[in-house]
Structures are given as C-alpha cells and as structure tokens.
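So the structure is just underneath, and the comments pick up after that.
Residue numbers (the numbering used here): 3 to 95.
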C-alpha cells in the first residue's frame, strides 16, 4: 500500500496545486544538478553537437565565426561546457 496514492476528498484545485508543487520541486532539483557539474568540463566535438543539438557543420561554422571557442591538442578539438552555456544569448521577441 506504500506505492499507491489515494485521492479521496481532494478538490481539482488542490490536485492542481499538488501537481504544480511536485513539478516545481523537480525543476529546482534539475537546476541544482546542472549547476553542480564541473564548469571547466571539456566536451569533444561529438559531445558538443549532442549537447547543443546541432550538426557538426554548424559547430564548425560557429567555431570559425568565433561564436564558440575551441581548444585543441594535436588534431583534437574540445569545448568548455561553461563557455558554451555563456555563449547562449536570449532571443529578442
């Protein structure tokens, strides 16, 4: 009986409140989890593309235009996660 929820005598307004509180709590936990990652974490090209949900040609163009900064060792390129997040700008409506 500990894995079940009984909704007796709960008004729709109260149920809506409970759901909002639960979602808000989960979002706050998610924000904390994102912020606790190592800000100097290095991502490979593939990881960066996956993180930003872009194609590798877009990443190449953004790097050449200076929109994102790449770091390299030999033929390998890395991107700092914190700098990628900083490069995101709010869009004007």
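Beta carbons: idealized from backbone N, C-alpha and C, even for Gly.
Keep in mind that this is a model prediction, so the values were computed, not measured.
- Whole angstroms is fine: what's the gap from residue 91's alpha carbon to residue 31's? 24 Å
- So which of 50, 22, 21, 11 has the shortest CA-CA distance to residue 85? 50
- Give a yes or no on whether the C-beta atoms belonging to residue 70 and residue 62 are separated by under 8 Å. no
- Query: In three-state DSSP terms, what is residue 52?
  - Reply: helix
- Message: Please report the distance separating the alpha-carbon of residue 44 from that of residue 54.
- Response: 14 Å
- Task: Taking the CB atoms as reference points, tell me whether residue 73 and residue 46 lie closer together than 8 Å.
- Result: no
- Three-state secondary structure (DSSP) of residue 82: strand
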